[in-house]
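What follows is a short report on a single structure.
Numbering (the numbering used here), first residue to last: 47 to 172.
Laid out in C-alpha cells, this is it:
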C-alpha cells in the first residue's frame with residue numbers, strides 16, 4: 047500500500063499530466079491521434095476520467111519527484127516543466143529541468159546518475 051504522501055504526489059503528477067494533455071488538446075483540436083489517446087485513457091482508467099473531468103489546464107508544472115536508481119539509490123529532485131508553444135500545425139517542446147540543493151545528498155545522487163550516463167554514452171571523440 048502506498049503512503050499518503052506518495053499517493054498525494056502521484057495524484058498531483060496525474061493532474062499535471064492531464065492538465066498538460068488538455069493544453070495540447072485545446073491547441074490541436076483537429077488532432078485525431080490526440081483524440082484517440084484521450085478516448086483510450088478514458089476507457090481504461092477511472093483515475094484518468096476523474097482527473098480529465100476536472101477541466102484543469104496547466105502550462106507550467108513544478109514540484110518534487112522521488113527517484114530510485116540502481117547506482118544512486120533513492121533521492122528527490124525539484125523539477126520544473128516549461129512548455130514552449132509552437133506555431134499552428136507544429137509540435138511544441140517541453141523542457142524538463144531537474145535540480146537538487148548544492149552539497150545535498152540528493153545532489154550527490156544526481157552526480158552519481160550523471161556518471162553512470164557518461165559511462166553508458168561517452169562523449170563523441172574529436
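Where a beta carbon is used, it is the ideal one built from N, C-alpha and C, also for glycine.
In its own chain, which residues sit with a C-beta less than 6 angstroms from the C-beta of residue 126, not counting the 5 before and 5 after it? Take residue 126, set aside five residues on each side of it, and the residues of its chain with a beta-carbon closer than 6 angstroms to its own are 108 and 143, in chain order.
Taking Cβ to Cβ, would you say residue 117 is nearer than 8 angstroms to residue 162? Here residue 117 is near residue 162, since their CB atoms are less than 8 angstroms apart.
Taking the beta strand (DSSP E) that residue 162 falls in, what are its first and last residues? Counting along the chain, no beta strand (DSSP E) covers residue 162; the unbroken alpha helix (DSSP H) around it starts and ends at 151 to 166.
Go through its chain and collect everything with a Cβ distance to residue 114's Cβ below 6 angstroms, but skip five positions before and after it. Result list for residue 114: 120, in chain order.
Since residue 91 is in the alpha helix (DSSP H), which residue starts that stretch and which ends it? No alpha helix (DSSP H) contains residue 91, which DSSP labels as neither H nor E.
Start and end of the beta strand (DSSP E) containing residue 145? Residue 145: member of the beta strand (DSSP E) spanning 139 to 145, first to last residue.
Ignore the nearest five residues each way along the sequence and tell me which others in residue 103's own chain have a CB closer than 6 angstroms to its CB. In the same chain as residue 103, and ignoring 5 residues on each side of it, the C-beta atoms closer than 6 angstroms to its own belong to 65, 68 and 69, in chain order.
Among the residues of its own chain, which have a CB less than 6 angstroms from the CB of residue 146, if the five just before and after it don't count? Leaving aside the five residues that flank residue 146 on each side, the residues in its chain whose CB is nearer than 6 angstroms to its CB run, in chain order, 123, 152, 153 and 156.
Would you please state the rounded distance, in angstroms, between the beta carbons of residue 60 and residue 97? I believe it to be under 8 angstroms. Confirmed, about 5 angstroms.
Go through its chain and collect everything with a Cβ distance to residue 88's Cβ below 8 angstroms, but skip five positions before and after it. Excluding residues within five positions, the ones whose Cβ falls inside 8 angstroms are 94, 95 and 98.
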